[in-house]
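Protein chains in written order, with full-length UniProt numbering: chain A, 1 to 384; chain B, 1 to 384; chain C, 1 to 384; chain D, 1 to 384.
4 protein chains.
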Amino acid sequence: MSSTLNIGLVGYKFMGKAHSHAYQSAGRFFDLDLTPVMKAVCGRNEAAVKEFARQWGWDSIETDWRQLVERDDIDLVDIGSPGSTHAEIAIAAAKAGKHVYCEKPLANSLDDCKQMLAAVRESGVKHMINFNYRKTPAMALAKKMIEADEIGEVRHVRCTYLQDWLVDPEFPMNWRMRKETAGAGAHGDLGAHSVDLARFLVGDIAEVVGETRTFITERPAEGTSSGLTGTAGEGTEPVTVDDCSLFLAKFAGGALGSFEATRLAPGRKNFNRIELNGSKGTLAWCFEDLNVLEFYSTADSRQGFKRIIATEGDHPYMHAWWPPGHMLGYDHTFVNAVADMLQAIAQDKNPSPCFLAGANCVAVLNAVERSVESGKWESVEKID
Amino acid sequence: MSSTLNIGLVGYKFMGKAHSHAYQSAGRFFDLDLTPVMKAVCGRNEAAVKEFARQWGWDSIETDWRQLVERDDIDLVDIGSPGSTHAEIAIAAAKAGKHVYCEKPLANSLDDCKQMLAAVRESGVKHMINFNYRKTPAMALAKKMIEADEIGEVRHVRCTYLQDWLVDPEFPMNWRMRKETAGAGAHGDLGAHSVDLARFLVGDIAEVVGETRTFITERPAEGTSSGLTGTAGEGTEPVTVDDCSLFLAKFAGGALGSFEATRLAPGRKNFNRIELNGSKGTLAWCFEDLNVLEFYSTADSRQGFKRIIATEGDHPYMHAWWPPGHMLGYDHTFVNAVADMLQAIAQDKNPSPCFLAGANCVAVLNAVERSVESGKWESVEKID
Amino acid sequence: MSSTLNIGLVGYKFMGKAHSHAYQSAGRFFDLDLTPVMKAVCGRNEAAVKEFARQWGWDSIETDWRQLVERDDIDLVDIGSPGSTHAEIAIAAAKAGKHVYCEKPLANSLDDCKQMLAAVRESGVKHMINFNYRKTPAMALAKKMIEADEIGEVRHVRCTYLQDWLVDPEFPMNWRMRKETAGAGAHGDLGAHSVDLARFLVGDIAEVVGETRTFITERPAEGTSSGLTGTAGEGTEPVTVDDCSLFLAKFAGGALGSFEATRLAPGRKNFNRIELNGSKGTLAWCFEDLNVLEFYSTADSRQGFKRIIATEGDHPYMHAWWPPGHMLGYDHTFVNAVADMLQAIAQDKNPSPCFLAGANCVAVLNAVERSVESGKWESVEKID
Amino acid sequence: MSSTLNIGLVGYKFMGKAHSHAYQSAGRFFDLDLTPVMKAVCGRNEAAVKEFARQWGWDSIETDWRQLVERDDIDLVDIGSPGSTHAEIAIAAAKAGKHVYCEKPLANSLDDCKQMLAAVRESGVKHMINFNYRKTPAMALAKKMIEADEIGEVRHVRCTYLQDWLVDPEFPMNWRMRKETAGAGAHGDLGAHSVDLARFLVGDIAEVVGETRTFITERPAEGTSSGLTGTAGEGTEPVTVDDCSLFLAKFAGGALGSFEATRLAPGRKNFNRIELNGSKGTLAWCFEDLNVLEFYSTADSRQGFKRIIATEGDHPYMHAWWPPGHMLGYDHTFVNAVADMLQAIAQDKNPSPCFLAGANCVAVLNAVERSVESGKWESVEKID
């Protein structure tokens with residue numbers, strides 16, 4: 001392997017943009033042993049993908065992901081398309097000997113996840129899933145603090161991921177509201193992030209009981225544009241995924257958890273919040289104030305919730321960025337993730353989090369869905 | 001009935017103090033048609049209750065609640081003793097023709113609640129339960145705003161009542177940790193408040209699924225003092241109530257809810273928080289910032305969460321208090337509650353909330369307890 | 001002196017109500033060696049003062065303060081009337097051998113302050129000024145922390161006291177907007193509190209430079225009611241005090257300060273905020289979140305602003321009140337102040353803060369007024 | 001002029017990095033009519049500047065800014081070096097017919113500013129100063145709201161720019177603490193931002209009175225590294241600039257202002273805060289929560305401070321970025337600024353803010369310095 005890594009990206013909308021920016025920036029801010037080369041971006045609409053490639057500096061385009069996966073000049077396939085496409089692309093990429101970087105959720109079904117995991121393991125390629133919120137300095141710092149036993153044994157986990165972009169019943173359909181593409185609604189899109197953060201910080205979830213709901217069952221048909229800011233077409237279309245999901249969880253380590261994801265919480269824009277109460281302290285974080293980690297320690301001589309602004313030079317990732325107090329935003333999480341991935345590959349290690357984390361996350365979501373059917377607690381399948 | 005109302009109070013610890021202050025203050029701040037007279041306070045420790053009576057201005061004392069209930073010069077019996085005593089006292093008081101004002105939870109069992117409700121109805125006395133958080137100007141304002149349809153159809157209810165006074169495993173036992181006196185732990189003590197606030201603002205809860213847990217199963221024995229700030233005696237004693245409770249709820253009106261109560265959340269002192277997401281807006285409140293009601297409206301021309309400082313002269317209860325921004329505290333909720341009660345009785349109406357609210361609250365807690373046993377969703381019994 | 005202290009209160013509006021509540025409550029919550037007796041309240045409108053006495057439990061009334069001061073059964077004169085009346089009443093009370101408790105500002109002129117101080121010293125009576133914000137647990141805790149050197153040498157003092165009740169130009173006149181009664185506007189009313197808090201926590205102010213302004217120079221005439229919530233009469237009246245005041249300060253100890261007081265800050269209801277930056281840490285407090293003291297220490301192993309909820313049992317005044325997290329409000333500051341005063345008198349000590357603090361506070365306000373005239377830095381007269 | 005613009009950057013430290021990222025990103029996120037080409041970066045240390053060029057993708061390097069300015073293939077000179085160098089470089093660049101983009105403060109003296117302004121005007125080149133905080137969506141939104149009269153006539157301006165990186169007396173010297181390079185300390189570095197934001201939103205400042213102070217007068221000598229995170233060399237060096245600056249201001253439009261800048265406020269990392277109180281409402285913003293604009297309107301039916309998360313698609317600059325709630329950080333302000341600059345140049349307009357804003361900002365800082373000498377109010381020179 002040379003000191004460059006040729007990237008082939010599938011998808012050029014919201015995630016395509018975020019990933020492209022990450023490839024452009026990672027090597028500027030971080031000292032990396034492997035330089036990403038933006039070799040090709042793939043999408044079905046040739047004109048649109050060409051324009052995207054021009055704007056973002058991709059060397060070439062493809063309109064069929066199969067072509068991309070087969071190209072000799074591609075070292076890593078980055079999958080930023082809807083969840084329904086992940087398994088097929090990832091498995092093909094692995095078989096073609098490409099490293100795979102995949103957006104969350106890993107796949108829309110647990111079976112797909114298992115096959116993806118088997119494929120990357122079999123081929124020996126590197127694999128990573130983009131749970132980008134792990135990559136905020138605040139959450140990475142929380143992980144270190146928990147490992148250093150700063151909050152003791154975790155007893156309570158409280159996760160809410162609230163958005164409001166579907167409150168308006170006139171907001172038109174897009175792929176995120178169709179079961180065949182998205183697999184689930186808030187449950188898969190937002191819940192996946194919460195479950196991963198909780199697993200990252202606290203560990204495995206053993207049992208769950210939950211409920212999902214679709215409050216707005218029909219929406220204006222999709223127009224010409226897509227993405228998060230939609231335009232309406234003619235007629236209506238049924239919504240086939242949930243608007244929200246709630247569940248309780250028993251962690252393998254003994255903690256009790258509460259999870260809620262919704263796209264119908266007016267005023268909550270990207271309210272991805274987690275709070276952990278341990279025997280010695282509390283940690284709390286919310287993406288809407290992403291640079292701040294709240295910390296309460298029973299060991300402090302003066303006790304109170306501390307707002308740690310996680311931008312000090314010795315905080316995770318911050319050596320690469322700005323002086324203290326010069327806040328980071330959403331896209332920095334992608335740059336940090338890509339930097340982590342490139343360094344891991346350069347060192348011939350698997351990046352973290354990998355497909356195993358992705359599969360175990362889907363296993364939790366899957367158990368919740370079974371619980372919605374059964375009306376009782378369901379065990380979470382543990383993927384090793 | 002004269003223009004005074006003679007009060008007999010049972011209990012002289014935390015709640016006794018809060019109620020005494022309310023009787024002394026209600027008629028000062030509010031223009032009331034009925035003046036409370038602090039006639040007698042009752043407790044088993046004669047020396048202690050005498051000292052309390054002297055300090056707080058009670059005319060006389062009793063050491064047996066049965067004596068108090070029978071006294072001709074008592075018009076209303078106020079029950080501030082542990083939950084295990086509520087039913088017997090309340091029923092006796094009702095039979096003796098006294099109005100009854102009872103601390104929450106109404107009783108430790110649903111059966112007791114039903115009998116209490118039957119007793120007060122049969123005798124025709126007035127009855128009230130002290131869900132004091134309803135009586136903050138912020139929560140009373142929230143009720144008015146919901147009635148005025150300012151947040152539309154409620155879809156999400158999110159309640160957490162978090163404290164941390166039991167995080168220290170050396171904190172000694174008291175009656176609140178014994179099943180025979182308290183009935184339950186955080187579930188009954190804190191959960192009752194959350195359930196009532198949710199029922200007050202959103203309506204009946206139809207089904208629940210939940211879990212409780214005792215993380216610290218043994219504590220130092222109780223010392224000579226009691227109340228919330230304990231001193232330890234010799235040896236240890238098993239904790240027979242829960243440390244925490246979590247449950248999901250389906251409201252009769254269609255909303256989905258999440259509830260959590262714990263005494264093991266470091267840094268959360270009295271974190272009684274509720275958030276409601278409706279089709280047109282959001283309301284959020286937390287007792288740790290009790291004067292503030294957060295409000296988001298999709299109808300605003302500039303949208304954002306609004307911090308309404310609920311101390312304006314036209315906010316509920318505030319005509320009686322101070323100019324805007326001159327904040328209220330914990331004890332004001334009791335004064336407001338007592339003022340409401342006295343005015344209702346003066347007008348020959350039943351105060352709100354009454355035992356029916358208390359019974360329906362216990363019905364929810366009861367269904368959660370059944371769900372903990374069964375591991376599945378349980379219906380909430382509706383008391384009419 | 002007996003174990004009771006007979007109080008004679010002058011004034012029965014906003015401050016009369018707050019003081020009356022304090023006398024009723026101090027001995028309930030605190031164990032005091034001296035019990036206040038609400039002997040007489042004085043006001044010019046006989047019907048109104050009678051009604052006030054009835055509602056608040058004062059034994060008798062007077063309509064001329066000279067009568068009150070001369071009564072043999074009065075031990076302490078409490079002055080809650082406008083600033084223009086303070087000097088005459090206080091001096092007469094002192095000459096009559098009564099202790100004096102006076103609302104802030106001590107007087108409208110520095111000369112009056114000096115005469116008041118001379119009078120109480122000559123007669124040997126006890127004297128106290130009601131800078132009630134010192135009496136919040138948070139500010140009292142801040143004082144202890146500064147004395148324990150927790151923030152090191154103070155370099156920056158930042159005070160803003162912002163209200164908005166005069167933003168509406170149709171809000172009618174009252175005595176607080178007339179120079180002859182109030183002496184000054186925001187400068188005296190709000191600025192006095194800020195200056196006192198800064199002096200309490202940091203020490204003497206040596207020099208100031210400042211500016212005042214009246215943005216709304218005329219208002220509807222006063223109606224029949226008064227106080228903070230006014231009703232308009234016919235015609236208009238010129239406003240003869242400032243709407244706002246700003247000044248910079250050099251403290252004797254080396255710190256630099258910034259002060260601002262205004263009644264024209266929309267949304268700021270009682271935004272009495274102070275921040276101190278020292279060589280080792282920062283303290284910040286705002287009355288709109290009065291129970292919280294923010295603290296940053298450079299000595300913490302994890303650094304961040306800590307929200308100390310100043311309601312723990314070992315925080316100042318909290319032994320008398322509620323369990324942690326059961327928040328205090330505005331009126332509690334008056335109860336704490338009265339409890340301090342009564343204990344000091346019982347122990348034959350002068351209460352704190354006394355007229356000396358009141359006089360030195362006015363000396364600062366006075367120097368600012370001179371600076372507004374001269375356009376340059378002015379020295380603050382030091383009263384010993 | 002072609003559809004590309006060749007950039008020559010002077011300086012490769014903190015600002016060099018921020019500007020380089022902006023040139024790389026502006027054309028990706030924004031649809032620009034002019035594409036920046038990263039032609040050359042200039043610094044005195046050849047090895048360091050070469051390494052910087054490699055990492056950030058600059059085509060070539062120079063070690064003498066005079067060479068850079070003279071190069072035919074440079075269209076715009078971007079000055080990111082210390083303030084003492086701005087005038088000479090900018091004037092030479094203008095004379096060479098290059099557009100000039102300059103970091104703040106425009107220069108260390110008002111005379112230099114005037115000469116710079118004269119030079120760019122004479123040569124007719126475009127000129128811009130990088131007051132990057134104007135370019136947050138929140139501040140740009142505030143500007144629009146003020147123009148739409150949403151807060152009425154502004155009466156109060158309250159600016160604090162607080163940092164703490166010099167609290168540690170062992171933090172070593174760097175160019176920012178030497179008068180010959182930096183001109184001033186917090187006053188010029190931080191105060192310049194506050195003055196510009198206030199002028200941007202409220203208008204000209206007519207008179208000021210202020211004070212500056214150096215609390216820590218000597219520091220360890222500078223080591224081999226520089227920038228904000230220093231390493232110490234041997235011995236000590238006197239600090240020749242202020243640690244802090246405070247001043248009051250009279251705005252030409254009638255408002256009163258208060259300004260404070262310091263590097264000695266423990267816990268305040270980049271606390272660049274501004275609050276404006278108008279006759280109809282209040283706006284408040286702090287960089288430490290940069291995506292949020294607080295807004296209080298007396299016109300709201302429910303009144304309270306509104307937290308506008310300025311990330312909606314119709315908020316300034318947000319069409320180019322992410323969906324609502326996907327927060328921006330520090331570096332986004334530079335990208336927005338560069339995008340504005342490129343579009344203005346493409347349309348043959350002068351970008352905003354230009355050197356005139358830079359000069360008038362320095363005029364305010366200069367008047368404060370005169371006031372520190374004179375001890376009285378000083379007029380601000382108005383540059384047209």
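Ideal Cβ positions, reconstructed from N, Cα and C, are used throughout, including at glycine. Since the model is a prediction, treat every value here as computed from it, not as a measurement.
Exercise for the section: Take residue 32(A) as the anchor and find which of 320(A), 359(A), 334(A) has the nearest alpha-carbon. Expected result: Of 320(A), 359(A), 334(A), the residue nearest in Cα terms is 320(A).
Problem - Alpha-carbon to alpha-carbon, residue 21(C) and residue 84(C) - result: Using only the alpha carbons, I get a separation of about 24 angstroms.
Problem - Touching by the beta-carbon criterion (3+ pairs, under 8 angstroms), the region 308 to 315 of chain D and the region 297 to 311 of chain A - result: no
Handout entry: Contacts that residue 289(D) makes with chain A (C-beta to C-beta distance below 7 angstroms)
Key = 289
Handout entry: Under 8 angstroms from the C-beta of residue 308(B): neighbouring residues of chain D
Key = 302, 303, 304
Exercise for the section: Would you tell me roughly how many angstroms separate the C-alpha atoms of residue 349(A) and residue 124(A), rounded to the nearest one? Expected result: For residue 349(A) and residue 124(A), the gap between their C-alpha atoms comes out near 11 angstroms.
Problem - Euclidean distance between Cα positions of residue 14(D) and residue 81(D) - result: Residue 14(D) and residue 81(D) have their C-alpha atoms spaced approximately 10 angstroms apart.
Exercise for the section: Using the Cα positions of residue 364(C) and residue 157(C), report the straight-line distance between them to the nearest angstrom. Expected result: So the alpha carbons of these two residues sit roughly 15 angstroms apart.
Exercise for the section: Mind reading off the beta-carbon distance from residue 372(C) to residue 212(C)? Whole number of angstroms is fine, and I expect it under 8 angstroms. Expected result: 5 angstroms
Exercise for the section: Determine whether the Cβ of residue 236(A) lies closer than 8 angstroms to any Cβ atom of chain B. Expected result: no
Problem - Distance between residue 128(B) and residue 133(D) (C-alpha atoms, nearest Å) - result: 56 angstroms
Handout entry: DSSP three-state assignment for residue 295(B), whether helix, strand or coil
Key = strand
Practice task
Answer yes if the region 36 to 50 of chain A comes into contact with the region 61 to 81 of chain A, meaning at least three C-beta pairs across the two stretches below 8 angstroms, and no otherwise.
Solution key: A contact exists between the region 61 to 81 of chain A and the region 36 to 50 of chain A.
Practice task
Please confirm if residue 295(C) has its CB atom under 8 angstroms from at least one CB of chain A.
Solution key: yes
Handout entry: Within chain C, the residues that residue 55(B) reaches when beta carbons sit closer than 7 angstroms
Key = 28
Problem - Spatially closest choice to residue 95(C) from 101(C), 278(C), 69(C), by CA coordinates - result: 69(C)
Exercise for the section: Residues of the region 253 to 275 of chain D with a CB closer than 9 angstroms to any CB of chain C: list them in chain order, please. Expected result: For chain C, the residues of the region 253 to 275 of chain D that bring a beta carbon within less than 9 angstroms of one of its beta carbons are 254, 256, 257, 258, 259, 260, 262, 264, 265, 266, 267, 268, 275, in chain order.
Handout entry: Length at least 4, wholly inside the region 308 to 357 of chain D: the alpha helix (DSSP H) runs in chain order
Key = Counting only runs of 4+ residues, the alpha helix (DSSP H) found wholly inside the region 308 to 357 of chain D occupies 330 to 346, in chain order.
Problem - Neighbour list for residue 127(D) in chain A, Cβ cutoff strictly below 7 angstroms - result: Simply none; closest approach about 26 angstroms.
Exercise for the section: Consider the Cβ of residue 102(C): report whether some Cβ of chain D lies at a distance smaller than 8 angstroms. Expected result: no
Problem - Partner residues on chain B for residue 155(A), Cβ-Cβ distance less than 7 angstroms - result: 215, 264
Problem - Straight-line Cα distance separating residue 300(A) from residue 190(C) - result: 35 angstroms
Problem - Among 56(B), 77(B), 58(B), 57(B), nearest to residue 66(B) - alpha-carbon criterion - result: Checked all of 56(B), 77(B), 58(B), 57(B); the closest Cα to residue 66(B) is 77(B).
Practice task
Compare the C-alpha of residue 63(B) against each of 8(B), 110(B), 90(B) and name the closest.
Solution key: 8(B)
Exercise for the section: Count the CB pairs spanning the region 154 to 170 of chain B and the region 249 to 261 of chain B that are closer than 8 angstroms, and state whether there are at least three. Expected result: yes
Handout entry: Partner residues on chain A for residue 326(D), Cβ-Cβ distance less than 7 angstroms
Key = 270, 330
Handout entry: Close Cβ partners of residue 268(B) (< 7 angstroms) along its chain, the five nearest in sequence each way excluded
Key = Cβ within range, chain order: 162, 163, 164.
Practice task
Classify residue 63(A) as helix, strand or coil using the three-state DSSP reduction.
Solution key: coil
Handout entry: Local Cβ density within 10 Å of residue 218(C), reported as buried at 16 or more and exposed below that
Key = exposed
Handout entry: Pairwise C-alpha distance: residue 188(A) and residue 176(A)
Key = Rounded to whole angstroms, residue 176(A) to residue 188(A) spans 10 angstroms at the Cα level.
Exercise for the section: Taking residue 382(D) as the reference, give the member of 113(D), 60(D), 6(D), 130(D) with the closest Cα. Expected result: Ranking 113(D), 60(D), 6(D), 130(D) by CA distance to the CA of residue 382(D) puts 113(D) first.
Exercise for the section: Only counting runs of 4 or more residues, tell me where the alpha helix (DSSP H) segments fall wholly within the region 66 to 95 of chain A, in order along the chain. Expected result: 86 to 95
Exercise for the section: Could you tell me which chain C residues have their CB closer than 7 angstroms to the CB of residue 183(D), listed as they occur along the chain? Expected result: The premise fails here: residue 183(D) is roughly 21 angstroms from chain C at the closest Cβ pair, so nothing lies under 7 angstroms.
Problem - Reference residue 168(D), options 168(C), 324(C), 153(C), closest by Cα - result: 153(C)
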